[in-house]
Amino acid sequence: MKLARDRAEVLALQALAFIASDEDLLPRFLALTGMDVDGLRTAAGETGTLIAVMDFIMFDDTLVGRFAEFASLEPDVAGQIRFALAGPEVDPV
Numbered sequence: 008m009k010l011a012r013d014r015a016e017v018l019a020l021q022a023l024a025f026i027a028s029d030e031d032l033l034p035r036f037l038a039l040t041g042m043d044v045d046g047l048r049t050a051a052g053e054t055g056t057l058i059a060v061m062d063f064i065m066f067d068d069t070l071v072g073r074f075a076e077f078a079s080l081e082p083d084v085a086g087q088i089r090f091a092l093a094g095p096e097v098d099p100v
């Protein structure tokens, strides 16, 4: 199933809400991205931020499962979200 980009953006924002709701995950995400809370609020809807959110979740299978449960999704949807946001190849930063 191919996920539409607008749907992927909504789901990635849910993933961000999942991270933000966890007192352990949010500081870890901020540390890894170099953002602060205000910067995250400002950049929340940007494609690069949403990709970073999905990369963060997909780095840990446990987080994939927890996010899937949080959003009432199948775990494989996390990869579909990431793919829909960036496509199969991403230029290195």
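Quick note on numbering: our numbering labels position 32 of the sequence shown as 39, and the sequence is numbered without any gaps.
Heads up, the beta-carbon is just placed ideally off N, CA and C, and yes, glycines get one too.
Within the stretch 36-69, the complete alpha helix (DSSP H) segments at least 4 residues long are 44-50 and 54-65, listed from N- to C-terminus. Closest in C-alpha terms to PHE36, from the list PHE77, MET65, GLU76 and ALA85, comes MET65. In chain order, ALA19, ALA22, ALA85, ILE88, ARG89 and LEU92 place their CB closer than 8 Å to the CB of MET61, counting only its own chain and leaving out the 5 sequence neighbours on each side.
Judged by DSSP in its simplified three-state form, PRO34 adopts helix. DSSP places ALA11 outside any alpha helix (DSSP H), giving it a letter other than H or E. For GLY72, the secondary structure class from DSSP, reduced to helix, strand or coil, is helix.
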